[in-house]
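Residue numbers (our numbering), protein chains in the order written: chain A, 658 to 1186; chain B, -2 to 1017. We treat Cβ as the ideally placed atom computed from N, Cα and C, and that holds for glycine. Predicted model, so just to flag it, every value in this text is computed and none were measured.
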Amino acid sequence: MKTKYIVILLITCVFWGCENLDTPLQDKESDLTFWDKPEDALNALNSCYPDLYNADQFIFNESLSDNSYTKSNNGSLVRDVANGSYDASSPLIRDVWNSRYVGIKHCNILLDNINKVPGLGNELKTRYMAEARAIRAFHYFILMNNFGDVPLVTKEISIEESTKISRTPKSEVLQFILNELDFAQVLPNSYASTDKGRFTKGAAMALKARVLLCENRWEDVANICDALINKQQAGNLDLFSGSYADLFKPQNKNNIEVLLDVQFMPINREQGTQYYLIPPSLGGFAAISPTQELADSYLLSNGKTIADPSYNELTPYANRDPRLDATIIRHGSQLENPNGSFTTINTALGSGSDAINSSSNSTPTGYYVAKFYDKTARNMLYSGSNLILIRYAEVLLMYAEAKAKLNTFTSTEWNLTIKKLRTRAGFTNANALNFPTVSSSEMDEIIRRERRSELAMEGLRIMDLRRWKTAETALNGWVHGIKTNEAPLIDNGYIRVENRIFNPAKNYLWPIPQSERDLNKNLTQNPNW
Amino acid sequence: MRKTHHTSPIFGIYLSQKSRLILSFFIMINFAVLHAQNSISGIVKDGKTSETIIGATVSIKGTSTATMTDMDGAYTIKVPANSVIVVSYVGYESVEKTVDGSTTLDFILKEEQNILKEVIVVGYGTQKKANLSSAIGNVGSEVFENKPVTSASQSLQGTIAGLVIQQGSSEPGQGTNITIRGIGTFQSGTYPLVLIDGLEGSIDNINPNDIESVSVLKDASSAAVYGSRAANGVILITTKMGKSGKTRVSYDYLYGLQQPTNMPKYAKAWEYAELRNEALINSGLPAKFTPDQINDFRKIGQGTVWLNEIYRENAPQSTQNLAVEGGGEKTSYHVSIGNVNQKSLFEGNDAYGLKRNNARINIHSKLSEKFSITASGAYNGSVTKEHAYWTNWLIEQATRIPVIYPVKDENGNFTLPSGSNSNGLARLTKGGMRTYQNDGFAGSISAEWSIIKDLKLKGFFGANLADNNNHEFRKSIDYAPYTGGGDNESSVMDRFERTLLLNSTLTLNYSKKIGENHSFTGLLGISKESSDRRWFQARKIGIPGNEFGVLGNGQITDESNTYGSGEEWGIQSYFGRINYSYKDRYLVEGNVRADGSSRFSSGNHWGVFPSFSGAWRISKENFMQAAPYISNLKIRASWGQVGNQDIGLYKYLRTVSVNTQAYSFKDNLANGAYFSEANQDLSWETSQMLDFGIDAGFFNNKLAFTLDFYSKDSKNVLVNNLPVPGIYGSGAPTQNIGAINNKGWEFTVNYLFNTGKVKHSINANISDNVNEVTDDGGRTLISGTDVVTILKNGFPINSYYGLKSDGFFQNANEVANGPKQNFNAAGAKPGDIRYIDRNGDGVIKEEDDRFILGNPFPRYTYGFTYTANWNGLDLSIFIQGVGKRSMWIRGEGVEAFHNSNEGPVMDYHIDRWTPANPNAEYPRLTIGTESANNAAKSDFWIEDASYLRLKNIQLGYTIPTRFTDQLGIAKFRAYVTGQNLVTLTKLKSGYDPEVNSAEASNGRVYPVTKVVAIGLSVNF
């Protein structure tokens, strides 16, 4: 008798804590149950926003141009692309390609499924779709700008499909982007406080103007800018009323001038780019160093270039466009510490730990970056500052450039654009502010210089060099740092930093990544790669 | 090979919790039945020691009547006249005596000499070694005794052929890397299943002194009984059970000093400065140091080697163990406590290091002739304290900083050296501490019931609870008077994790001998295992005053580091085994296991894993009597399938994770939804293994060897990082598409011999394993940034992939006529590495000029143990090594001025190429972009990492018992020992050849240590 009980009990022992083999998910749901409430659509949309720009990629972008040099090989080897030592296997090229298609997929997931979501009102649904389509258009613009023809993926695709798809001609991609941005004009002009940072109508229009600018479609650019500036079709837009330098500070995030940005916040969603920008005495590494060429491009306060006899090479930073100091940390710059006191940064040869080439932390050009400096950054390195992708100043500059190209740039447009920017920048000299009487090519030159000074370090310079077709000049030969006179006979004593090579027959477009072509035989390569 | 069913096909019984509790009650009941008969009595003694033997079985031949000797070794049994009494005891030869009419009959038992009679632990049971038909490696407790190591796996290294153990880092609290017969998976777990007395456990947490034996189930035949968890091999650890009789106490103490084995050697300060100038000039940049400065550097000689600053010259280590065993007729016990105290080599705080306490109690009780229970409980608690930063980054910085920079200035302040916004020694000294506190409780109860003579039912229930928590208090560091320090922030983080593993097993064992020639054994079992893991973590930033680092004092919650979650998995299994032997000459065995795992979708839960093996004991054949010197000769063959289920959870579902910090809109956090990639059809990885073996013994087995050949084919191997086009927009879902073959052989030889009064033993083993990707899923996978590897059909997993170097360009002419090296815009210069233009297009490009350049897997791993005993003196020498291995080290660990850094310059950089030194070891020195050519991924950086190491040497003396007896001491032994004392290696960069971890590829590894120790063992 006992035996029977024991057997039963031993068997029970085995089933101690009997388990179901279908163990439940404990911290997330599966897509079988997703898309059943409006919040799901919103969450899927929100995940599209971080893809707008990776902070590091944004900050390193400028070092692809003549405005800046990066000594480190951070930022997916931006340095090697800048100096021409790259091919289809370059990590930067692959990373830009991949990250944009990751972003496109996030948008496609929302757009493919949003119709399943019950209880989502039509108006909200249209807005969500417009936001996602505008973000997707932003991705395609960056792809098109770098690669020309690219595969146009507008819904979630299978792996199988992704190995077969071929490149869509640039003209079709362009038309797609323009159509999407037209649709996005259903977006509101602005949002309530907890939604600030979402794509607006103004952002969609300004992006469209930028896309058309790269196609030299001056008439269209002028019309959109006119609608934004004069007709106020996207609401009341203006320059930030404070100083140019303060425009980028975290306390002024979401100011009136901002049309589109990548949003960050302290602690919970920080960006760590400050380490690349500030001098070692503040804890930085100076991976990104503005060049002498950029410093030289700033006007004198009298509106003349440094070719003017009033420029003194020994006091190079006196009487300059105030945006120079707002953008660049140079020898003698004053930087505000977290406690409100000021530190003087010395970058001249042998002037201490921040001096040019004094250590591997210090700048190889003699310059650091001031524009994004956030004295409130956690541990001096982690900032909650937003990174501005499109701002109203650029709309003004696009308007000026288009009008000048159309030969309809009069003192009215000058006052509305260049003068307005220079006044905000802090110019007071009438010579700099008043409409100059110059030839149209000289006016082009003035507007381009204005654009460079206003937008320096914001990642647009490489796009401008490409569309102006000036990269073969700007990106060929040595880039320089400050005058150290270590070798007085070479380049007038300005230190050589890097010798760059740009071949106009191939470098205007990046190659299609090798890794991509290995997996998809239908992808053609750009010329001469 | 797969069947689908959702409920248990054998038992459908489920009882309430109350019923479960009654079980424990029943187990306690002693239902022994005593039989009364006419008596004869006597004493059983050990023939060698003359000690009485407790618990020996005394039975009457041909009947089921039996009894056992008591505490005094005495027995009384009722017998009919003229019957034969048989006395047997484990480890002794049985003795038979006919009852001759007297009422007393004493027995003297001799220890079994023949090692083939050895019983070894196999899956869910034991087997005589002689009857094995599969490949099982086995070692006893002697391997673990008196070695200056902190974990059992370190002791096992090199002792069993085919078991490859690599010590990646000697940092206190770090485990080892274990593989058995190669790697049969691309990215799933490769760690073997480790069972401690039948319950899954950690080989690094168990007290090595508690181990009685270790069996390594190497072939699929022996491992198939563990089914889906056995693809990486199985290690069965059996702990000491204790013998009845007089209470025996043993105490061991060991104290030693650890030192780093190999360390990079640096160029002297002035050499550094000269070489830096040379590199700058070579790179088109102005020189940095003036001749005057260089002269000043000559005065400081070596300068500051930062690596020497962050490590101590030596750090102590000690272990203590106390064990008590004994028991009565029916119950025996073994109780032990152990303590390990290993200090870290890191400077900065004397508290850095590992402290571990182990306690174990094993009790076995024979409740009756038919019923016995075993209970086992073990605790392990370790506390590891270390700096609050990351070891690899501390080493990285210390490696990079040039010797010209001091770690402290003349006023004793920590410096902020060039190229850094921190100071590693300051972080070690003032930067706070991280504490890992791991507590584990493992307990099991099993009950065994002999239903009838040949049939035994065994129930087992075990639980393993692991509680891991870690506390990190990072202090802010004030680098005044220096500015720009990056350690301005204090923070505190706590992480708690609890894993509970439950396992119940029920097995039925049957053994039957029919006639003289046929014997059968059979096993049927069911098992159920489940795991539940929970964790949470919280981090706060800003601790006012830099003291009292607890979460409650933190100012701001770091949301992205504050989270918690949990996961569960379960396996349900049915298994069986059958053995048959004919005349002890022909042996066959079959195993099968069906496993249902929660890791797959409902249609794919179940997998079936069968195995077969057979052996022919040629030495038992009559014709072998002509060769009496051959005492054993057996050939074996086995085939089987095993699975790998260590593949992650919920991979069959497309899950949606909602990240609460996906984005922020004007400083308001916003949730974002992220979709995983899923594959509904996901299934087991399956390995199929074929093994052939020979066991041979000569001269009464004084010389014995074992040779095995095997081939393991792993199929349906998961591949989760298949390259997919970027336009797909995410990674590929995991798929069962890969295949890998592992082939190898293992050879072990044992030799026992005496010269005069000296007893010698030699044990040597060597093994080789080669893996080959047989199906890469149709796509070659190239991965890695610093070290590039390729996964490609026909080559070992993750073979090194890079350019092949072809000496240095000697002059401009050679550069102009050689293939174009366009790693930087300017091209190569004389003194740069020339690469082979594989496709002959005149241009060196990574896409089309790379070669497969070897792999990091060790080959010809060997171990050699020699022991000698003479008049109380004992010596053992253990040599271990790897015959062939290559290692690719990149970064600051090997490159002069790595990338754009200021340092380092090691001694082997001095022999660099200059026009005057064309036959140099190292290319011309360069900095930054100018280095791109030489820093390209090539075989120039791949080194020979084979080694031979004097792993352990031990010299001991045991004081003769005639002196110690008077003190009541049974044995007193004192010894000196050394671990890793001598290492022969060709590795030029100064690292330990054993390092094998993700960090090893850049040299950022805590060094393997050598230890010199003294110890004593006392038995009472």
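Own chain, CB closer than 7 Å to residue i, minus 5 neighbours either side, in chain order
i: residue 189/B; result: 175, 177, 229, 230, 231 and 232
i: residue 918/B; result: 905 and 908
i: residue 372/B; result: 360 and 442
is_contact[residue i, chain B] using C-beta, thresh 9 Å
i: residue 1195/A; result: Past the boundaries of the shown model lies residue 1195/A; chain A is included only from 658 to 1186, so the question cannot be answered.
i: residue 1166/A; result: no
i: residue 714/A; result: no
i: residue 761/A; result: yes
i: residue 689/A; result: yes
i: residue 1077/A; result: no
i: residue 841/A; result: no
i: residue 1121/A; result: no
Cutoff 9 Å: residue i Cβ touching any chain A Cβ
i: residue 920/B; result: no
i: residue 113/B; result: In this prediction, residue 113/B has a pLDDT of 49, which is less than 50 and means its spatial position is unreliable; what the coordinates show is noted afterwards. False, the Cβ-Cβ gap to chain A never drops below 9 Å.
i: residue 480/B; result: yes
i: residue 484/B; result: yes
i: residue 660/B; result: yes
Pairwise C-alpha distance: residue j and residue i
i: residue 390/B; j: residue 144/B; result: 31 Å
i: residue 951/B; j: residue 126/B; result: 29 Å
i: residue 337/B; j: residue 253/B; result: 12 Å
i: residue 782/A; j: residue 875/A; result: 34 Å
i: residue 18/B; j: residue 242/B; result: Confidence in residue 18/B is poor, its pLDDT being 39 and thus under 50, which makes the residue's placement too unreliable to answer from.
i: residue 1173/A; j: residue 650/B; result: 27 Å
i: residue 484/B; j: residue 1036/A; result: 7 Å
Close-in-space but distant-in-sequence residues of the same chain around residue i (CB under 8 Å, 5 per side omitted)
i: residue 384/B; result: 343, 345, 346, 349, 391, 424, 425, 428, 429, 430 and 431
i: residue 921/A; result: 712, 927, 928, 1040, 1041, 1042, 1043 and 1044
i: residue 906/A; result: 1031 and 1042
Neighbourhood of residue i by C-beta, 6 Å cutoff - its chain only, sequence neighbours within 5 removed
i: residue 467/B; result: 433 and 492
i: residue 1010/A; result: 937 and 938
Worksheet item: Using 8 Å as the threshold, is the stretch 268 to 286 of chain B in touch with the stretch 896 to 903 of chain B, meaning 3 or more CB pairs across them?
Response: yes
Determine which residues of the stretch 585 to 603 of chain B have a Cβ less than 8 Å from any Cβ of chain A, and write them out in chain order. 593, 594, 595, 599 and 602
Requested in this report: Flag this pair as touching only if the stretch 198 to 213 of chain B and the stretch 133 to 142 of chain B have three or more C-beta atom pairs under 8 Å; answer yes or no.
Outcome: yes
#### Entry: Positions along the stretch 855 to 887 of chain B whose CB lies within less than 7 Å of some CB in chain A
none
Short of 9 Å Cβ to Cβ, which residues in the stretch 45 to 60 of chain B face chain A? none
Please list, in chain order, the residues of the stretch 902 to 916 of chain A that have any C-beta partner in chain B closer than 8 Å.
910 and 911
Handout entry: At least three beta-carbon pairs within less than 8 Å, the stretch 631 to 644 of chain B to the stretch 677 to 686 of chain B
Key = yes
| field | Meets three-Cβ-pair contact criterion under 8 Å: the stretch 1114 to 1122 of chain A and the stretch 703 to 722 of chain A | value | yes
Q) Quick check: the stretch 828 to 836 of chain B against the stretch 800 to 811 of chain B, are there 3 or more CB pairs under 8 Å? A) yes
Could you tell me whether the stretch 974 to 991 of chain B touches the stretch 144 to 155 of chain B, using the rule of 3 or more Cβ pairs below 8 Å? yes
Quiz item: Closer than 9 Å, Cβ to any Cβ of chain A: which residues of the stretch 701 to 724 of chain B, in chain order?
Solution: 719, 720, 721, 722, 723 and 724
(request) Report the residues of the stretch 647 to 658 of chain B with a CB closer than 8 Å to any CB of chain A, ordered along the chain. (result) 647, 650, 651, 652, 653, 654, 655, 656 and 658
*asked:* If the cut-off is 9 Å on Cβ atoms, which residues from the stretch 797 to 824 of chain A count as contacting chain B, listed in chain order?
replied: 807, 808, 810, 813, 814, 815, 816, 818, 819, 820 and 822
* Are the stretch 1074 to 1083 of chain A and the stretch 898 to 910 of chain A touching, with three or more C-beta to C-beta distances below 8 Å? -> yes
Which residues of the stretch 662 to 693 of chain B have a Cβ closer than 7 Å to any Cβ of chain A? Give them in chain order. 662, 663, 664, 665, 666, 667, 668, 669, 670, 671 and 672
Chain B contacts made by the stretch 1033 to 1049 of chain A, where a contact means CB separation under 8 Å = 1035, 1036, 1037, 1038 and 1041
| task | Name, going along the chain, the residues of the stretch 555 to 574 of chain B whose beta-carbon falls closer than 7 Å to a beta-carbon of chain A. | result | 555, 556, 557, 562, 563, 564, 565, 566, 567 and 569
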